[in-house]
Amino acid sequence: MKIDRRGFIGCMAAASAGCAARRGTDGGSRCDTFVFLSDLHIEGAAPTYAYSKKRLEKTVDEILSMSPLPRGVVCFGDISCTYGLDADYIEAKRILSRLENAGVALHFTLGNHDRRSFFFDKWPRCAENSPVPGRCVSVVDLGSADLVLLDALKGADERALTDMGPVEGGLDDRQLAWFGDFVANAARPFFVGTHQFSDLYVKGLSPVERAAKSRHFSGWIYGHDHKWQPSFRACGWKDGVIKPILCLPSSGLWGDIGYVVFRTSAHGAEAELKMQDFYFTMPRPAAERPSFWDARIGDLKGARAHFPFDRHA
Ligand SMILES: [Fe+2]
Numbered sequence: 001m002k003i004d005r006r007g008f009i010g011c012m013a014a015a016s017a018g019c020a021a022r023r024g025t026d027g028g029s030r031c032d033t034f035v036f037l038s039d040l041h042i043e044g045a046a047p048t049y050a051y052s053k054k055r056l057e058k059t060v061d062e063i064l065s066m067s068p069l070p071r072g073v074v075c076f077g078d079i080s081c082t083y084g085l086d087a088d089y090i091e092a093k094r095i096l097s098r099l100e101n102a103g104v105a106l107h108f109t110l111g112n113h114d115r116r117s118f119f120f121d122k123w124p125r126c127a128e129n130s131p132v133p134g135r136c137v138s139v140v141d142l143g144s145a146d147l148v149l150l151d152a153l154k155g156a157d158e159r160a161l162t163d164m165g166p167v168e169g170g171l172d173d174r175q176l177a178w179f180g181d182f183v184a185n186a187a188r189p190f191f192v193g194t195h196q197f198s199d200l201y202v203k204g205l206s207p208v209e210r211a212a213k214s215r216h217f218s219g220w221i222y223g224h225d226h227k228w229q230p231s232f233r234a235c236g237w238k239d240g241v242i243k244p245i246l247c248l249p250s251s252g253l254w255g256d257i258g259y260v261v262f263r264t265s266a267h268g269a270e271a272e273l274k275m276q277d278f279y280f281t282m283p284r285p286a287a288e289r290p291s292f293w294d295a296r297i298g299d300l301k302g303a304r305a306h307f308p309f310d311r312h313a
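At position 109 of the sequence shown the residue is numbered 109 (the numbering used here), and the sequence of numbers has no breaks.
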């Protein structure tokens with residue numbers, strides 16, 4: 001089926017209405033709505049970045065006030081502020097547990113500032129359920145599509161506690177082999193999520209080109225750059241294959257500050273930006289804010305990106 005923009009948006013409105021209707025039949029709180037957070041950068045020790053922590057607490061308040069509640073919250077990496085310290089994950093767990101306690105599932109992938117051992121210690125099921133042992137990999141059921149979360153963290157667990165690790169990301173051979181099998185066997189639309197995208201290096205075919213081997217590949221979602229940026233990527237010049245990609249804002253540390261509400265329907269998905277702030281590199285009082293900061297907030301107010309499922313792709 002082919003649908004135009006108006007039809008697609010109409011479908012999304014119908015999906016929202018369907019969610020509302022379902023509230024009456026499922027006890028009140030489920031719908032194919034998810035919240036995407038990235039670059040949480042939570043610091044457990046001295047509050048150099050207290051803003052990030054306070055902002056995440058407010059975001060959790062906002063998520064818990066959504067009606068119906070989202071089915072899940074996906075964190076796209078850099079949960080830790082800088083070094084992947086145990087105290088960072090203790091603090092992040094304290095804040096994010098409010099979501100789990102309300103029945104909102106949490107899903108993760110890891111970023112360059114994270115450290116697997118301390119993270120897995122706080123969320124052991126992420127290690128237990130990963131199809132690639134030792135990596136934080138999962139497939140999230142988004143309703144009408146899947147979200148494949150890959151683990152691009154290159155930094156070794158054994159690195160010094162004052163070593164923030166390499167900025168760029170990578171995917172090891174075992175993950176790439178598993179991902180290749182997933183793509184080859186995909187039977188419905190799927191998205192892929194990683195922390196890095198432009199800084200994500202692997203040998204041979206790029207990860208997005210590997211995903212595009214399946215006609216069901218519907219888009220790549222990532223963070224790391226701390227900006228809302230919908231774009232596209234050519235995945236095959238010969239066949240004219242092009243796929244949407246989306247960079248997420250940070251939930252609290254410099255750049256575009258906010259989160260994304262991601263809704264799926266039978267026809268596609270819609271990402272809606274919830275823009276909360278902009279600053280670089282540290283917050284400033286209102287009288288000292290450069291004009292660009294508020295201009296940026298105004299420019300992005302109500303921004304959306306669409307990911308239609310095109311069966312003819
Ligand atoms: Fe990052």
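Glycine is no exception: its CB is placed at the ideal position from the N, C-alpha and C atoms. Please read these numbers as outputs of a predicted model, since none were measured by experiment.
Under the criterion of a Cβ to heavy atom distance below 8 Å, does residue i qualify as lining ligand 1?
{"i": "Gly111", "result": "yes"}
{"i": "Gly223", "result": "yes"}
{"i": "Gly77", "result": "yes"}
{"i": "Gln196", "result": "yes"}
{"i": "Asp163", "result": "no"}
{"i": "Asp39", "result": "yes"}
{"i": "Val104", "result": "no"}
{"i": "Val35", "result": "no"}
{"i": "Val167", "result": "yes"}
Run the CB neighbour count on residue i, radius 10 Å, all protein chains shown included, and call it buried at 16 or more, exposed below.
{"i": "Leu319", "result": "With the chain represented from 1 up to 313, any question about residue 319 goes unanswered, as that position is not in the structure."}
{"i": "Trp228", "result": "buried"}
{"i": "Val148", "result": "buried"}
{"i": "Gly302", "result": "exposed"}
{"i": "Val208", "result": "buried"}
{"i": "Trp220", "result": "buried"}
{"i": "Trp237", "result": "exposed"}
{"i": "Val167", "result": "exposed"}
{"i": "Pro124", "result": "exposed"}
{"i": "Phe292", "result": "exposed"}
{"i": "Phe36", "result": "buried"}
{"i": "Gly169", "result": "buried"}
{"i": "Lys54", "result": "exposed"}
{"i": "Thr48", "result": "exposed"}
{"i": "Gly223", "result": "buried"}
{"i": "Asp91", "result": "The sequence shown places Glu at residue 91, not Asp. Buried: at least 16 other Cβ atoms inside 10 Å."}
{"i": "Asn185", "result": "exposed"}
Closer than 6 Å by C-beta to residue i: which residues in its own chain qualify, once you throw out the five before and the five after it? Chain order, please.
{"i": "Asp310", "result": "none"}
{"i": "Ser117", "result": "Asp157"}
{"i": "Thr281", "result": "Trp254"}
{"i": "Gly134", "result": "none"}
{"i": "Ala50", "result": "none"}
{"i": "Ala45", "result": "Ala87"}
{"i": "Ala295", "result": "none"}
{"i": "Ser231", "result": "Ile245"}
{"i": "Ala234", "result": "Ile242"}
Kindly list the residues whose CB is nearer than 8 Å to the CB of residue i, restricted to its own chain and excluding five residues on each side of it in sequence; keep chain order.
{"i": "Asp299", "result": "none"}
{"i": "Ile297", "result": "Met275, Asp277 and Phe278"}
{"i": "Arg344", "result": "The shown model of the chain, from 1 to 313, leaves out residue 344, and the question about it has no answer."}
{"i": "Trp316", "result": "In the structure displayed, the chain extends from 1 to 313; residue 316 sits before or after that span and is not available."}
{"i": "Val202", "result": "Gly170, Leu171 and Leu176"}
{"i": "Asp32", "result": "Ala15, Cys19, Arg71, Leu142, Gly143, Ser144, Arg263, Thr264 and Ser265"}
Apart from the five residues just before and just after residue i, which ones in its own chain have a Cβ nearer than 7 Å to its Cβ?
{"i": "Glu57", "result": "Ile95"}
{"i": "Glu272", "result": "Val260, Val261 and Arg304"}
{"i": "Phe120", "result": "Cys126 and Ala127"}
{"i": "Glu100", "result": "Leu106"}
Please confirm whether residue i has its beta-carbon closer than 9 Å to some beta-carbon of chain B.
{"i": "Phe280", "result": "Given the protein chain composition of this structure (a single chain), no chain B is represented."}
Taking 8 Å as the cut-off, is the beta-carbon of residue i closer than that to any non-hydrogen atom of ligand 3?
{"i": "Leu246", "result": "Although ligand 3 was asked about, the structure shown includes only ligand 1 as ligands."}
Query raised in the report: What are the complete alpha helix (DSSP H) segments, minimum 4 residues, inside the segment 85 to 153?
Result: 86 to 101, 116 to 122 and 124 to 128
Query - Length at least 3, wholly inside the segment 185 to 253: the beta strand (DSSP E) runs in chain order - result: 190 to 193, 217 to 222, 229 to 236 and 241 to 247
Query raised in the report: Should the segment 100 to 116 be called in touch with the segment 73 to 87, which here means at least 3 C-beta pairs below 8 Å?
Result: yes
Report task. Could you name each continuous alpha helix (DSSP H) segment of 4 residues or more that falls completely within the segment 40 to 68, going from the start of the chain to the end? Result -> 50 to 64
Report task. State whether the segment 211 to 226 contacts the segment 242 to 254, with contact taken as three or more CB pairs (one from each stretch) at a distance under 8 Å. Result -> yes
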